[in-house]
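See structure below.
Chains as they are written, first to last, in my numbering: chain S, 7 to 419; chain V, 7 to 419.
Right under this line is the structure:
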């Protein structure tokens, strides 16, 4: 399992990883109040028990009529209708219109029996008490929202695997579904390793630095819809790492290990992951910058991701490999859509053919367009990412991007 | 205050609203654990107490050297250096290099005194015990991440008003800041009104429909970083509405009222808002589709937003007016960046000049591009939004958009 003998293109590496895992995943379902389900993933298709709207409704303020009674009506030759009542909001109506009759109705009101159109108030005129002039012909169905026009009873309205947004919450509540079955949040173990790392609250001695990855990656996992299983901060101690990996393997759904940065630390991590179980390390080294020393592995049904120790590489690689893994574990059938903004590149950027580069950029608005400028800084500076609004991808086929090129900035949210 | 006498362009309406409110807002600060601060807004600038990294570090595995000692070194004419020790990870080093000396160092290790470059392991060769050949000259500073190169002590690293992302959490933790001062979440009252509305758990009688807006808007507010203050579902009862508005005005930071859909219900809402205090209703009617009957108001220092009753209009209008309001209340100085995806329009869309239209669309990938197709459905169908991936904006200057036009799809997340 020597490192970097075969640098795989990231897309191919991802395929190998996903193919080595069993699908569908073992992530279970749980019941959740619909109002608390924002950002969760539906575990089952949702079917409407009732039609929506549950009755035909007026979309305007006016008079419910029989359209045929208004045939040919104009301001010069109005149709005269008898007003037989008013449809009150929030109540059923027992009105049945006969030929020549109309009923006052408000927006959202229930269409009475035998009415098939609504004439807007401004297209009518009071003639006598209980009589109106209709100044404009109405077509059958005009200004009516039909029963079931939004959703038919029995229709599948939201698919399993859908990420629940504000409008899904509205839609589910409209159907009276106050609870919903969602996928459990995958538990993602984050194991940070390195003799130089210090946990929060501890003093930083000479030669030591604070652990960044546990927290930046933890927040990333949170953002992606996972549940962080924060694990021990480890030194470069193979036995301790193996033990922690075994515990995570028993308890969690996905295991992420950030290795120390030196070659020996990376080898230690790869060997410890290999010991965790078959099929073991699948990919060791990806043709990506930053992030070359990435490890993709599986132990039984559990995916393991070995990340470089430097925070920017770890962040970019996690942002590349975890979302498609988690989407698949959560049963998402739709393609991922990275929120992005189209921009113009402010400068030339060089790149190596065959390698996929991810370049952190800032964006600023100039006239009517966004301009993207690389954040200069080495890949081991965490504040490079703090200064960045997003990243741009330079595909393996390119030798770089030219100034003024149209680029897609994937926003770091 | 008659409705729709002056339909204002939405941008102008927004300016009038924001200008009528006092700035900075009265939203206070609170302390939050950094690990829990994802999505919150910084209340104060963050200044680094210590430099990052706290000491100069090697970025490779190799030998720390004095660059001058390697001058002119080549494989044919190597420089010979005495290895005087090893820098151990996570410890300070007391090594001081003298001319002709080198120290073994790992990636991330602390650069010893008087060393000013690191030669990569692969550019060296073991000569004798404790002696190496350096095969390549090193420049001063090569392969060293200087103390403070990421962040200087005393530097302002994150500005007040910044939305905290995963990388900010990493950066703050790197600086040892386990707590952070964030803006309180603005409390947003949501008052849904309409005689026809039924609360969850209640049976739906004839002529009645379930309340959607409280929940869809609530989730939207949650997504924007607000705290929902869920209020009573009201019938079209002016006294009850005035009472609820007063309570919300006393307790909450922003008040959102969705009116019933009929003209009389909308008038009732506008009048009740007007009674709440000066300056009262500022805008009544916006040249936007959907959402024309929008009310923008202020009572003292508190903004009030009156939304149309139909769920799609309410959702689109809230999505237009609330984010800039909330950003300003939270002290955000940066421009809003709506996550979006560039796409090609699948069909012609007509629009009225002078009006700003927001059209819900689905997107699908075709070859290398996204194609956007309008979701057909009336603006009062909540599932129109469920079926939509985003919306496209048709500016007031256009009479529509042509098939194959390049459009920006603002993602509904």
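Where is the CB? At the ideal position from N, CA and C, for every residue including glycine.
What you are looking at is a predicted structure, and each value in this text was computed from that prediction instead of being measured.
Where residue i sits in the DSSP three-state scheme
i	result
residue 376/V	strand
residue 303/V	strand
residue 57/V	coil
residue 7/S	For residue 7/S, the predicted structure reports a pLDDT of 46, less than 50, and the residue's modelled location is therefore unreliable. The matter cannot be settled from this model.
residue 341/V	coil
residue 408/S	coil
residue 165/S	coil
residue 391/S	helix
residue 416/S	strand
residue 137/V	strand
residue 24/V	helix
residue 47/S	strand
residue 62/V	coil
residue 282/S	coil
residue 294/V	strand
residue 320/S	helix
residue 6/V	Any question about residue 6/V goes unanswered here, given that chain V covers just 7 to 419.
residue 116/S	strand
residue 40/V	helix
residue 355/S	strand
residue 123/S	strand
residue 403/V	coil
residue 381/S	coil
residue 177/V	helix
Alpha carbon of residue i to alpha carbon of residue j, nearest angstrom
i	j	result
residue 58/S	residue 24/S	40 Å
residue 127/V	residue 268/S	11 Å
residue 408/S	residue 261/V	49 Å
residue 325/S	residue 280/V	49 Å
residue 15/V	residue 130/S	30 Å
residue 442/S	residue 28/S	Lying outside 7 to 419, the shown extent of chain S, residue 442/S is not represented and no answer is given.
residue 114/S	residue 175/S	21 Å
residue 343/V	residue 249/V	37 Å
residue 375/V	residue 396/V	16 Å
residue 383/V	residue 193/V	33 Å
residue 291/V	residue 276/V	11 Å
residue 366/V	residue 164/S	17 Å
residue 31/S	residue 310/S	14 Å
residue 224/S	residue 191/S	13 Å
residue 1/V	residue 209/V	As displayed, chain V neither begins before 7 nor continues past 419, which places residue 1/V out of reach and without an answer.
residue 381/V	residue 348/V	17 Å
residue 308/V	residue 282/V	10 Å
residue 17/V	residue 300/S	48 Å
residue 369/V	residue 273/V	38 Å
residue 216/S	residue 178/V	10 Å
residue 206/S	residue 233/S	20 Å
residue 187/V	residue 35/V	6 Å
residue 52/S	residue 373/S	45 Å
residue 117/V	residue 93/V	8 Å
residue 350/S	residue 410/S	5 Å
residue 295/V	residue 401/V	11 Å
One or two residues paired with residue i in a DSSP bridge
i	result
residue 267/S	According to DSSP, residue 267/S bridges with nothing at all.
residue 199/S	240/S
residue 396/V	367/V, 417/V
residue 35/S	189/S
residue 111/S	68/S
residue 312/V	263/V, 301/V
residue 131/V	139/V
Distance between beta carbons of residue j and residue i, contact taken as under 8 Å
i	j	result
residue 398/S	residue 377/S	That pair is no contact at about 12 Å.
residue 313/S	residue 264/S	5 Å
residue 345/V	residue 345/S	3 Å
residue 289/S	residue 39/S	That belief does not hold up - the Cβ atoms of residue 289/S and residue 39/S are roughly 41 Å apart, past 8 Å.
Contact the region 169-182 of chain V vs the region 43-59 of chain V: 3+ CB pairs below 8 Å: yes
Cβ pair count under 8 Å reaching 3, the region 65-77 of chain V against the region 106-118 of chain V: yes
Touch test, the region 26-45 of chain S against the region 224-240 of chain V, Cβ-Cβ under 8 Å, three pairs minimum: For the pair of segments examined, the region 26-45 of chain S was found to touch the region 224-240 of chain V: the number of CB pairs separated by less than 8 Å reaches three.
Cβ pair count under 8 Å reaching 3, the region 389-408 of chain V against the region 357-366 of chain V: yes
Cβ contact (3+ pairs, closer than 8 Å) linking the region 51-66 of chain S and the region 215-223 of chain S: no
Meets three-Cβ-pair contact criterion under 8 Å: the region 130-148 of chain S and the region 78-88 of chain S: Between the region 130-148 of chain S and the region 78-88 of chain S there are three or more inter-stretch CB-CB distances shorter than 8 Å, so the stretches are counted as touching.
Contact the region 308-324 of chain S vs the region 142-149 of chain S: 3+ CB pairs below 8 Å: Touching, no, given that fewer than three Cβ pairs across the two stretches are closer than 8 Å.
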